[in-house]
Amino acid sequence: MSSSHDSTRFLRIAAWIWIGYLIAMAVMDFALYTPQVQRIFAENSQPLIPNQPLFPNSQPNLPQTFNPPHNQLAPVFLYYAANGLVALMFLLFTHWGWIQNKLGGLYYPLLVLAISTAPIFINVVVVPRFPHGPLANAEGMALRQLPVLFVALALVAWEYQLPHIIFFSISTTVLELGLILFASVQSRSIFVFLFIAIIRTISFIALGIFINLLVNRLRTQSESLREANANLSHYASTLEQLAVSRERNRLARELHDTLAHSLTAISVSLETAKAYFDIDINKTLEFIDKSLDATRKGADETRRALKALRSSSLEDMGLGLAIQRAAESAAARFHLNLTLDLKNPMPSLSPDVEQTIFRVAQEAIENIANHSRAKNFSVHLESNGHTKLTIQDDGIGFDSKS
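According to the working numbering, the sequence shown is numbered sequentially starting from 26.
See the structure below:
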């Protein structure tokens, strides 16, 4: 079963198709009964239309010069009034939420029953009383209701499965033939109706199966799409959590290199000042001054780190300019001589690779500024098939073998 919202929307579409079809047929019918069209039809109808009426009690064939008076068109008015009333009621029920809630599971099958049976009853009862015309014979009766029954078939194929489609196709045919037999149709026309009914039943079953297969395929694809969307949402959520985790780790590294380092230096200086307090007051003041200086530097470094965390220089400027900005900022803060050799613009790299290169460069530059006691440093970035980052300084360095 499809969702209630989709079924209701499909019923509304069916109602508007039904009403539109009735309007188009009404225009054509009343045009056929104008004197000019009647004259053309009378001149060409003799080989096509049998001389006997469709039903024994119905309107006989009329002379070629016949122009139906207003009272002869009463069955035509009745036909469209009855069909139009049922179609409008059908449309009203598709928009009436109360009746849908009241009927529950019976709502959809009752509306399908209405659009399937009402046109058949009206067709069999009223059309044989039409004035002589091209659509007042047996073939015309079958053609009149075919589009509406096809819409009903689509409703059945949309909501139900193959057994229901077969039942609909056969039951509508049996209903129509039963009403025609009850109306005592002449023997010639009964064979015409029977032949048309067989063709229609076979066609409806074939078309119903085809529509049902399409609907099932669409529903399967829709379900697969919903599952894929759910998996994608889960994947996006996982990536977001991973990004948050990485950002937390980066924040921890930034705080370790700035705030934690400054607090450690301040703690050592204050402990030393405390030890010298009773021994050498000058040394005590010297270490207190060092603590104050470390506090100021730590505050500056913390502000810089927080600013770097808030900014997205890599996303805004690209890899080359982001590294240049980080190097120039460190050189300005620590009064270092900087030599830059950056290939800009860089070839396209994946975001993860760019982020890794930038973090390596940022970490190396901060280590030079904070720990190497260097006066000069250089940054070289190139990409010639492989991306290469080189950062050098003239500081004390460390023993790579230790």
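All C-beta atoms in this analysis are idealised placements derived from N, C-alpha and C, irrespective of residue type, glycine included.
For GLN186, the closest C-alpha among the options GLN380, ASN237 and LEU367 is that of ASN237. CA-to-CA, the gap between ASP31 and ARG37 works out to about 10 Å.
Its chain contains SER397 as the residues whose beta carbon lies nearer than 7 Å to that of GLY422, once the 5 sequence neighbours on both sides are disregarded; these appear in chain order. The beta carbon of GLN170 sits closer than 7 Å to those of PRO144, ILE145 and ASN148, all from its chain and outside the five residues before and after it, given in chain order.
The three-state reading of DSSP puts ASP377 in helix, counting H, G and I together. About 15 Å separates the CB atoms of LEU284 and SER316; that is not less than 8 Å, and the two are not in contact.
By the neighbour-count criterion, in which a residue is buried when 16 or more other Cβ atoms sit within 10 angstroms of its Cβ, GLU184 is buried. Within the model, the alpha-carbon separation for ALA40 versus ALA268 is close to 52 Å.
A contact is defined here as three or more CB-CB pairs under 8 Å, and the stretch 46-55 fails this definition with respect to the stretch 120-138. Looking at the DSSP output, GLN417 bridges to SER403. ASP314 and HIS405 have their alpha carbons spaced roughly 38 Å apart. Inclusion of PRO188 and ARG154 in the CB contact set at 7 Å is not warranted, their separation being larger than that value. For TYR260, the number of other beta carbons within 10 angstroms of its own is below 16, and it is reported as exposed. If you look at LEU98, you'll find it isn't in any beta strand (DSSP E); DSSP assigns it neither H nor E. In the DSSP assignment, ASN362 falls within the beta strand (DSSP E) that extends over 362-367. Look at the stretch 175-216 and you find these whole runs of alpha helix (DSSP H), each 4 residues long or longer: 187-207. Nearest to THR364 by alpha-carbon distance, out of PRO376, ILE348, PRO156 and LEU374, is ILE348.
Our two residues, ARG244 and ARG34, have alpha carbons roughly 16 Å apart in a direct line. SER408 sits in a strand when the DSSP states are folded into three classes.
The Cβ-Cβ distance between ALA352 and ILE306 does not fall below 7 Å. Between ASN392 and the set MET342, GLU326 and VAL378, the nearest pair of CA atoms involves GLU326. With contacts defined as CB atoms closer than 7 Å, GLY122 and ILE190 fail to qualify as a contacting pair. With a cutoff of 7 Å on beta-carbon distance, PHE216 and LEU178 are scored as not near each other. Non-local beta-carbon contacts of PHE302 in its own chain, meaning distances under 6 Å to residues more than five positions away in sequence, involve THR309 in chain order. Assigned with DSSP and collapsed to three states, ILE304 falls in coil, not helix or strand. The criterion of a C-beta distance shorter than 7 Å is satisfied by VAL181 and PHE193. With respect to GLN97, PRO172 sits apart: the two C-beta atoms are not nearer than 7 Å. Distance check between SER141 and each of ILE227, ASN241, PHE115 and SER258 places PHE115 closest, using alpha-carbon atoms only. If you draw a straight line from the Cα of ILE223 to the Cα of PHE102, it is about 30 Å long. The shortest CA-to-CA distance from GLY343 to any of LEU206, GLU248, LEU288 and SER375 is the one to SER375. A distance below 6 Å between beta-carbons, with the five flanking residues on each side excluded, links LEU204 to the following residues of its chain, in chain order: VAL149. Close CB contacts of GLU407 within its chain, under the 7 Å cut and outside five residues either way in sequence, are with LYS368 and LYS413 (chain order).
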